[in-house]
Ligand code: SF4
Ligand code: SF4
């Protein structure tokens, strides 16, 4: 298929769905609701912000004043142009919120359209090897999507369907030249990622490593890394008085860098230093998430590095940890 066919498919999907897609602005890509398909960025660049706000809003009402689930008409949303790393992150959110009715209702009304535009450069590839490979050979079998667009070097597209919903849309729009991919779960056939398991061992009991003391001195605990991270899913629940004295139960994004995150009754805080906060963030991604879900808690998108005001690079942190781990020194 050529670009014109892809534009036409997008226009048809737009009649049914609100479409969000990466838009190129001032040298970077941002996810926005689009009115015009011509503005979509098909370069395959990772957008500055993550897609998670479409599936897991920054704030939502869980219970209304009668302590009943509010009646919400979840809009039909199309996430158009999600790269493979973001689909991996979506796969993790699907696991985390498997039994969450709010997430599930929103998710059912979402159409996830993936996009790839060539393999990453060799240099990046070597870096990514540390904890998450970008494009494994059969990666499309291990990420959730409805439709996937693979942009080839000659500008043409290969089309894949990854669900019945995606297949229905392709058929409805008389697109016959596509391949069906059966989702086989997030974990590869050979089992959990070995690099993830190695890293998990190195991270465990690493709290006394000087890496965390160095980060303690430079990290500002601003929490930007967690906001843009597609796999950060922690949240706070609170009962708040809104307009007309109505009390509602709200769920809002949590952030392990914020003071209230681990504060308990009496004012005690389990992560009362920057060192504890940043260690906690890494430990969640590389120890606790792999333990619970058998997949890495990081998809190596590097958004956290791009937004960090003091340029803390997660890959460099992991390399330092790797070099100074007791296992490595032997
Ligand atoms: S963005 Fe950088 S400075 Fe801010 S909390 Fe994250 S690592 Fe620390
Ligand atoms: S590279 Fe950073 S922003 Fe991307 S998934 Fe990993 S921790 Fe999150």
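Numbering (my numbering), first residue to last: 431 to 760. The beta-carbon is built from N, C-alpha and C at its ideal position, and this holds for glycine as well. Predicted model only: the values in this text are computed from it and were never measured.
Is residue i helix, strand or coil by DSSP?
{"i": "residue 633", "result": "helix"}
{"i": "residue 746", "result": "helix"}
{"i": "residue 531", "result": "helix"}
{"i": "residue 730", "result": "coil"}
{"i": "residue 598", "result": "helix"}
{"i": "residue 556", "result": "Note that residue 556 scores a pLDDT of 46, beneath 50, so its modelled location is shaky; the value from the coordinates is reported in the next line. Residue 556: helix per DSSP, three-state reduction."}
{"i": "residue 472", "result": "coil"}
{"i": "residue 583", "result": "coil"}
{"i": "residue 508", "result": "strand"}
{"i": "residue 550", "result": "Confidence is the limiting factor: at residue 550 the pLDDT is only 45, short of 50, which leaves the residue's position unreliable and the question unanswerable from this model."}
{"i": "residue 648", "result": "helix"}
{"i": "residue 642", "result": "helix"}
{"i": "residue 540", "result": "strand"}
{"i": "residue 432", "result": "coil"}
{"i": "residue 660", "result": "coil"}
{"i": "residue 479", "result": "coil"}
{"i": "residue 521", "result": "helix"}
{"i": "residue 702", "result": "coil"}
{"i": "residue 499", "result": "coil"}
{"i": "residue 715", "result": "helix"}
{"i": "residue 463", "result": "strand"}
{"i": "residue 620", "result": "coil"}
{"i": "residue 573", "result": "coil"}
{"i": "residue 720", "result": "helix"}
Quick one: is the Cβ of residue i within less than 6 Å of any heavy atom of ligand 1?
{"i": "residue 523", "result": "no"}
{"i": "residue 684", "result": "no"}
{"i": "residue 475", "result": "no"}
{"i": "residue 478", "result": "no"}
{"i": "residue 751", "result": "no"}
{"i": "residue 700", "result": "no"}
{"i": "residue 651", "result": "yes"}
{"i": "residue 611", "result": "no"}
{"i": "residue 738", "result": "yes"}
{"i": "residue 687", "result": "yes"}
{"i": "residue 742", "result": "yes"}
If residue i sits next to residue j, beta carbons under 8 Å apart, how far is it from one beta carbon to the other, in whole angstroms?
{"i": "residue 443", "j": "residue 451", "result": "Not really, about 11 Å apart at Cβ, beyond 8 Å."}
{"i": "residue 515", "j": "residue 731", "result": "5 Å"}
{"i": "residue 680", "j": "residue 489", "result": "6 Å"}
{"i": "residue 691", "j": "residue 703", "result": "About 13 Å separates the two Cβ atoms, so there is no contact after all."}
{"i": "residue 543", "j": "residue 576", "result": "6 Å"}
{"i": "residue 684", "j": "residue 665", "result": "5 Å"}
{"i": "residue 437", "j": "residue 467", "result": "5 Å"}
{"i": "residue 547", "j": "residue 474", "result": "3 Å"}
{"i": "residue 519", "j": "residue 571", "result": "Contact flag wrong, Cβ pair sits at about 17 Å."}
{"i": "residue 448", "j": "residue 507", "result": "5 Å"}
{"i": "residue 646", "j": "residue 705", "result": "4 Å"}
{"i": "residue 623", "j": "residue 505", "result": "Wrong, their Cβ atoms sit about 35 Å apart, outside the cutoff."}
{"i": "residue 738", "j": "residue 654", "result": "7 Å"}
Would you list the residues sitting across from residue i in a DSSP beta bridge?
{"i": "residue 458", "result": "455"}
{"i": "residue 610", "result": "591"}
{"i": "residue 741", "result": "Residue 741 pairs with nothing; no bridge assigned."}
{"i": "residue 677", "result": "671"}
{"i": "residue 725", "result": "Answer is none; residue 725 lacks a bridge partner."}
{"i": "residue 683", "result": "665"}
{"i": "residue 493", "result": "679"}
{"i": "residue 448", "result": "507"}
{"i": "residue 545", "result": "579"}
{"i": "residue 693", "result": "699"}
Taking 6 Å as the line, does the beta carbon of residue i fall inside it for any heavy atom of ligand 4?
{"i": "residue 605", "result": "Summarising the ligand content, the structure contains ligand 1 and ligand 2 and does not contain ligand 4."}
Taking a cut-off of 7 Å, which residues have a beta-carbon closer than that to any heavy atom of ligand 2, in chain order?
519, 655, 658, 659, 660, 661, 662, 715, 728, 729, 730, 731, 732, 733, 734, 735 and 744
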